[in-house]
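Engineer: Number 66 in full-length UniProt numbering belongs to position 66 of the sequence shown; there are no gaps in the numbering.
Pasting a structure below so you can have a look.
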Amino acid sequence: TGQPNGPVNIFWDIENVAVPARHNAFNIALNLQKMLIDDRDRTKGNFTVYCNTKTISDEHQKGLSNAGVKIQHVPNGKPGTVDQHILMAL
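Listed below in structure tokens is the structure:
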């Protein structure tokens, strides 16, 4: 069967799947978009990173913003808080 039609939305819990050491968020965001959207000839929907912005470096926040990624601040809370925010966005 084929893939469903419609835009591709990307939801990234960056605290659980962090930017690897010696890499930058800008390049990772662009590569994700290329692999998940461009290479598959799909339409881009929303690309959102969920995190406590106090725990993500300014450099990574700037890189994500420059790549067109929305940063959704999720204050520190109980485990699963980010998951709840992602589920609400679906």
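A virtual CB, placed ideally from N, CA and C, is assigned to each residue, including glycine.
What is the residue span of the alpha helix (DSSP H) that V17 lies within?
Structural biologist: From DSSP, V17 is part of no alpha helix (DSSP H); its letter is neither H nor E.
Engineer: Does K62 come out as helix, strand or coil in the three-state DSSP assignment?
Structural biologist: The answer is helix: DSSP assigns K62 an H, G or I state.
Engineer: Between A67 and the rest of its own chain, which residues show a CB-CB distance below 6 angstroms, the 5 nearest in sequence each way excluded?
Structural biologist: So the qualifying residues of the chain are F26, A29 and L30.
Engineer: Quick check on N82: does DSSP put it in helix, strand or coil?
Structural biologist: The question names Asn, but residue 82 is Val in the sequence shown. V82 falls in the helix class under three-state DSSP.
Engineer: Between which two residues does the beta strand (DSSP E) carrying I71 extend?
Structural biologist: Taken as a continuous stretch (DSSP letters only), the beta strand (DSSP E) holding I71 covers K70 to H73.
Engineer: Report the CB separation of V69 from V49 in whole angstroms; it is logged as a contact under 8 angstroms.
Structural biologist: 6 angstroms between Cβ atoms; contact.
Engineer: Figure out for me which residue from P79, L32 and K44 has the closest Cα to the Cα of N52.
Structural biologist: Comparing Cα-Cα distances from N52 to each of P79, L32 and K44, the minimum goes to P79.
Engineer: Please classify V19: is it buried, with 16 or more other beta-carbons within 10 angstroms of its beta-carbon, or exposed?
Structural biologist: Buried is the call here.
Engineer: Report back the beta-carbon spacing between residue 102 and F47 to the nearest angstrom; my notes put them in contact at under 8 angstroms.
Structural biologist: Outside the shown range of the chain (1 to 90) lies residue 102, about which nothing can therefore be said.
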